[in-house]
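Chains as they are written, first to last, in my numbering: chain B, 33 to 489; chain S, 33 to 489. Comments concern the structure below.
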C-alpha cells in the first residue's frame, strides 16, 4: 500500500498531549479510563495507525486482533461505497422476517465460501459473545429435543415453568469450558469465561463446570511425552465432570488457542480426543474461533490444524470477520420451531457485505498461505532472540501457527509501554504474555522494523 | 419523498413467487422459516417497501419498529457516504482502547443531544439485548460496591470464587422484571423476559423474580379508579418480592409500554411510585426504551410522559437509534475499576454516526412533535372504528402516545395476512394484539390508504 509508512514515527511523548486532552474531554460522557491512544483513522494505512498527535505506530495488536487487512484498505473502501452497501446501512432489515434480495448472495458469495468443512449452515450475529450464546442455546435446545423425543410437543408444565425460570421448562443444563478460557462477557458467555477476575467479579453466573486446560511446556516438540501426560490428565477431568456434574453437560466450548487467557496451546491429539469424547456422550462441541479464525494461524480456521476425522458441531466467529455468527451442519441443531433462535436484527447485513469483501481479498491474494509463510520466518527470528535472551523471551510458542505467536516475559506491561514509545503497538494476555496479533497484510518488511529504523524528529 | 408510492400495489399473491423461491433457496444455509417477504430495499422509499415480486406495501411495522425515517432517506444516504463514515466502516476500532478522533463529537453531536434529562453518560452497545445486559451488570456492580464499602479491595476469597462461578465473587443477585415483559434473548436479558414460551423454552435461566404488570382496562380515562386498584396491587407485589426474594434485588427493569408482550400500558402514577419504591431501597431502575425510544410515543423518550421528579438510573436504547447502548448519570454506576464494563468493539462507530444523522433529521424536522400530532388524528379515526366494530377493534390503546397505538382483535394472524394482501404490512404482539409501529415519517396521507385506493393490475 503506497501510503503505508516505511517505519514508525514517534514525535511526542506516548501518549501524546492530544490523546491526553481528548481522553479528558471524553471521560465525562464516556468512560475513557481504558483509552490508550486516540487515533486518526483517516490518516492510518496498512499495518500502521497514526494517533491524534501525528505519531505513526506499527500495529501488531490490530484492535484486539480484529483488523484483517490493515487500515484503509482500498478494496474495502470501494466495497462500502456500493449501492448495495448504502442500502444495507440505511435500510437495516429484521433479517429473519424481511431479508433483502441480496441476502442469499451476501452469504453464499461471502461467509459460506469459507465455512469450515462440513458446516454449511450459518446463523449471523453481531459479536463473538452473542455468537457463543446463540451456540449455547442451540446446544441446550438440541439436548432437550433428544431428551423429549422427536415430535413430542411441549407440555403445559414445561410452558408454565419456562415462563417462571424453573425446571423443566427452563432446565438445569451446563456448558463446560476450560480454565483461562475467554468466550465473551454476556451472562451466558461470561459464565463460560475463566480468564480474569476483572471480567467476572460481582456478576451472577450459571453454575457451570470448568476443566483444566493443559499447561504445556514449550517448545512443544521438545516436551511431547510430558505434555501428553498433562493433556491426558485434563481429559480425564473432562470425563469426570461429564459423569458427575450436578446437571447434564449439553455442550463443551473450547478455543483452538486460548488467547485472552495467555496464548495457551494444546496438541491436535488433545482436540481429537475431546471431539471423540463429546461425540461419544452426544455433547455439542463448540469451537470458539472468534480470535483464531480468518487466517492468522496460517489456516483459515484454527481447528483445521487438528485434522479431525469428524468436524466440530458448531464453529463461532467474529473479530477479523468484521461480523459475527456461527456455522453448524446438523439439522437437529436447527430448532424444531421457527422463532426459537431469533432476534430483531440477527446480525448486520452491512457488516456481512464487508466480510464478503474481506474474504475476496484474503482468497484472491492468498493471504492465509502468506501468513503461514511470514509466521514461519517470524517464529524463526524470535526463536533466535529467545536463545539470546532466555530470561526475557520465555516459552515462545506458535510454531507452525502463522503469525499467532506469543511468549512470556518478566514485566509485560513495562515492555508494552517501551515498545509503544518505540512506535510499535502490541498486546498482552494472560499474566505476563506478549501476543503478536498482526494483520494478514503483515509482511517481512514489517518484521524488520527496529528501534533504530524508527523516524524521530 | 418524491419516489414514495402514493398507494400500495399488489400484483401477485402474497407472498409472491419470488419471495417463495428465494426463501426456498435460502433455507439450506440460513433458516428461513420466519421469512415473511423478501424485500428489494433499493426500490423501497419512505413508508413503503417493495418486495421481490414488485409488490409495494405501506409498512407500519418498520422492521419490528426499528426503521426511524423510512426507506432510502436521502439524508441518511448522504451520511453514509462521508469520509468519516467510510473510515468508521473499514477501520473498526476497539473503541474502549483506541477511539477515533471523531468519537467524542460523534457522541456529543449525536446521541448525547437527545440523552434523557439528567442522564449524561453513555455506554455504547450493539443490540437492545446487549444494552440491557450491560445495564444489569452495572446494577450488580453498584450493589456490591455499596455492600463492600467504597475503596475496599476484592478479597482473595472473592477473586477465587468469582473464577469458579460461586458466591461471594459471583453473587446471587436478582433483576426484577414484569410479567409479559420483553428485554432481549441473551442469557441475562432472557431471564428477565417474560413474554412467550418460544423465547424461553429449554434455556437455563437465573432464578429472578417477576411481578405482575398491571392489566388495565381501556380506554384508561374511563377506568381510572379500577386501574388504580390494579396498579396498587402490582406495586404491593413488587414490594413483597423486594422484601422476601431469596436473594437481593439489585435492579428493576421495565418498559414504558410493554411492546412484544401486548402493548400494555400503565399510568404515570404507577411509574412514579415504582421510581419512589426503587429509590427507597437503593435499587437501580432500568427503563428499557428499546422500542419506545426515539419518538414514536410523541415524546423523544417514552418515560418523559411520566414527568418523574427523579429520573430513572439507567435508560437503554436500540432499534430506531440504529445503534444501541444505555444512558446513566450516577458516577457510582461507572465501575470502580477500568475494564469491568468492556468488550472488543463496544458498539459500532459507523452505526453511531448513522444515529447522529437520524437525530439531526428528527430534531430539524420536528418529527417527534409531528408524530404526536399524527398519532392524535390516527387514534381519533381508530376510535371511531372501534365504536363501529367493537367486536373487532377491542381495547384500543395509546391515546396521547403518538402513533404507538394498538388494539386487540379476534384473530390477529388472519387479519395480518388480509392486510398484507391489501398491501399493508403490519405487526402483532401479545396474544391477539395488532400494534401500529409506523415510522416517524408517517403522515396523514398514509393513514388514508384503504383497500380501494390500492393499485392492482
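Glycine included, each C-beta is placed from N, C-alpha and C at the ideal position.
Buried versus exposed call for residue i [16 or more other C-beta atoms within 10 Å across all chains shown]
{"i": "residue 373(B)", "result": "buried"}
{"i": "residue 323(S)", "result": "buried"}
{"i": "residue 303(B)", "result": "buried"}
{"i": "residue 261(B)", "result": "exposed"}
{"i": "residue 36(B)", "result": "buried"}
{"i": "residue 112(B)", "result": "buried"}
{"i": "residue 184(B)", "result": "exposed"}
{"i": "residue 409(S)", "result": "exposed"}
{"i": "residue 412(B)", "result": "exposed"}
Where residue i meets chain S, residues with beta-carbon distance less than 7 Å
{"i": "residue 65(B)", "result": "370"}
{"i": "residue 374(B)", "result": "66"}
{"i": "residue 254(B)", "result": "Under the 7 Å cutoff, chain S gives no residues; its nearest Cβ is about 31 Å from residue 254(B)."}
{"i": "residue 346(B)", "result": "Result: empty, since nearest Cβ-Cβ is about 14 Å, beyond 7 Å."}
Chain-ordered chain S contacts of residue i [CB-CB under 8 Å]
{"i": "residue 203(B)", "result": "234, 236"}
{"i": "residue 446(B)", "result": "Going along chain S, no residue has its Cβ under 8 Å from residue 446(B), so there is no contact; the nearest lies around 18 Å."}
Which of helix, strand or coil DSSP assigns to residue i
{"i": "residue 159(B)", "result": "coil"}
{"i": "residue 303(B)", "result": "helix"}
{"i": "residue 175(S)", "result": "helix"}
{"i": "residue 458(S)", "result": "coil"}
{"i": "residue 168(S)", "result": "helix"}
{"i": "residue 283(B)", "result": "strand"}
{"i": "residue 36(B)", "result": "coil"}
{"i": "residue 331(B)", "result": "coil"}
{"i": "residue 78(B)", "result": "strand"}
{"i": "residue 408(B)", "result": "helix"}
{"i": "residue 101(B)", "result": "coil"}
{"i": "residue 112(B)", "result": "coil"}
{"i": "residue 339(B)", "result": "coil"}
{"i": "residue 247(B)", "result": "coil"}
{"i": "residue 465(B)", "result": "strand"}
{"i": "residue 237(S)", "result": "coil"}
{"i": "residue 448(B)", "result": "helix"}
{"i": "residue 383(S)", "result": "helix"}
{"i": "residue 271(S)", "result": "helix"}
{"i": "residue 199(B)", "result": "coil"}
{"i": "residue 257(B)", "result": "helix"}
{"i": "residue 265(S)", "result": "helix"}
Per-residue contacts from residue i into chain S (C-beta, under 9 Å)
{"i": "residue 309(B)", "result": "Residues of chain S passing the Cβ test: none, with the nearest at roughly 22 Å."}
{"i": "residue 70(B)", "result": "130, 131, 132, 133, 135, 136"}
Any chain C beta carbon closer than 8 Å to residue i
{"i": "residue 176(S)", "result": "Chain labels in this structure do not include chain C; the protein chains are B and S."}
Where residue i meets chain B, residues with beta-carbon distance less than 9 Å
{"i": "residue 153(S)", "result": "60, 61, 62, 63"}
{"i": "residue 54(S)", "result": "131, 133, 135, 136"}
Beta-carbon neighbours of residue i, restricted to chain B and to distances below 7 Å
{"i": "residue 194(S)", "result": "229, 232, 233"}
{"i": "residue 158(S)", "result": "158, 159"}
{"i": "residue 386(S)", "result": "121"}
{"i": "residue 57(S)", "result": "136"}
{"i": "residue 289(S)", "result": "The premise fails here: residue 289(S) is roughly 17 Å from chain B at the closest Cβ pair, so nothing lies under 7 Å."}
Which residues DSSP lists as bridging residue i, in chain order
{"i": "residue 83(B)", "result": "71(B)"}
{"i": "residue 296(S)", "result": "290(S)"}
{"i": "residue 217(S)", "result": "DSSP, once it has assigned bridges, lists no residue as partnering residue 217(S)."}
{"i": "residue 90(B)", "result": "80(B), 456(B)"}
{"i": "residue 320(B)", "result": "348(B)"}
{"i": "residue 426(B)", "result": "440(B)"}
{"i": "residue 154(S)", "result": "359(S)"}
{"i": "residue 206(S)", "result": "281(S)"}
{"i": "residue 242(S)", "result": "209(S)"}
Cross-chain neighbours of residue i in chain B, by beta carbon under 8 Å
{"i": "residue 96(S)", "result": "126, 129, 376"}
{"i": "residue 351(S)", "result": "376"}
beta-carbon residue i near the ligand FMN non-hydrogen atom, thresh 7 Å
{"i": "residue 415(B)", "result": "Absence of the ligand FMN is noted for the structure shown, with no ligands found whatsoever."}
>> Under 7 Å, CB to CB, which of the residues in the segment 98-121 of chain S have a partner in chain B?
In response: Within the segment 98-121 of chain S, contact with chain B at the beta-carbon level (separation under 7 Å) is assigned to 98, 103, 104, 105, 108, 109, 112, 113, 115, 118, 119, 121.
>> Closer than 9 Å between beta carbons: that is the criterion. Which residues of the segment 118-146 of chain S meet it against chain B?
In response: 118, 119, 120, 121, 122, 123, 124, 125, 126, 127, 128, 129, 130, 131, 132, 133, 134, 135, 136, 139, 140, 144
> Which of the residues in the segment 212-229 of chain B, read from start to end, lie with their CB under 7 Å from any CB of chain S?
Replying inline: Against chain S - using a Cβ distance shorter than 7 Å - the residues of the segment 212-229 of chain B are 217, 218, 219, 220, 223, 226, 229.
>> Any C-beta of chain S within less than 7 Å: which residues of the segment 74-85 of chain B qualify?
In response: Within the segment 74-85 of chain B, the residues whose Cβ lies closer than 7 Å to some Cβ of chain S are 74, 76, 84, listed in chain order.
>> Which residues of the segment 160-172 of chain B have a Cβ closer than 8 Å to any Cβ of chain S? Give them in chain order.
In response: 160, 161, 162, 165, 168, 169, 172
>> Give me the subset of the segment 449-468 of chain B whose CB atoms are less than 9 Å from a CB atom of chain S, sorted by chain position.
In response: The residues in question are 457.
> What residues from the segment 237-251 of chain B come within 8 Å of chain S, judged by C-beta to C-beta, listed N to C?
Replying inline: From the segment 237-251 of chain B, only 237, 238, 239, 240, 242 have a Cβ closer than 8 Å to chain S.
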